[in-house]
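Numbering (the working numbering), first residue to last: 871 to 980.
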């Protein structure tokens, strides 16, 4: 009956040296993992900050759109009340336009 190769038991000094090497390896791996976690946290923070900035930008666009809409509405109201050509009520919708109704040819429309 043959037995496999026998493993020689390490001395306490050899066991300590082996454990020191393993500890150094684990310390290096631990450091790498901490760096990766730090990077991951930074990326997560940047994603959150980016999302917040997108929300702020959307609010700004909404505010700008509301201001533009109010200005345009005001211009329309002022334009129709003061500068729009007045067409007599008895003019039919299919009738010819009067000379002042189409606006001046010299003034470009905006």
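Built from N, CA and C at the ideal position, the CB exists for glycine as well.
These numbers were taken from a predicted model, which means no experiment stands behind them.
### Query
Roughly how many whole angstroms lie between the Cα atoms of residue 949 and residue 913?
Indexing the chain shown from 1 puts residue 949 at position 79. Indexing the chain shown from 1 puts residue 913 at position 43. When rounded, the distance between both Cα atoms is 53 Å.
### Query
Would DSSP call residue 884 helix, strand or coil?
Within the chain shown, the letter at position 14 stands for residue 884. It is helical.
#### Entry: Which of helix, strand or coil DSSP assigns to residue 937
Start at 1 with the first residue of the chain shown, and residue 937 comes out as number 67. Residue state for residue 937 is assigned as helix, using DSSP reduced to three classes.
### Query
To the nearest angstrom, how far is it from the Cα of residue 878 to the Cα of residue 895?
Your numbering for residue 878 matches position 8 in the chain shown. Your numbering for residue 895 matches position 25 in the chain shown. Approximately 24 Å between the Cα atoms of the pair.
### Query
What's the C-alpha gap between residue 889 and residue 906?
For the purposes of this step, residue 889 is identified with residue 19 of the chain shown, where counting begins at 1. For the purposes of this step, residue 906 is identified with residue 36 of the chain shown, where counting begins at 1. Linking residue 889 to residue 906 through their CA atoms gives a straight-line distance of about 25 Å.
### Query
In whole angstroms, what is the alpha-carbon distance linking residue 902 and residue 908?
As a working mapping, residue 902 is identified with position 32 in the chain shown. As a working mapping, residue 908 is identified with position 38 in the chain shown. One C-alpha to the other measures close to 10 Å.
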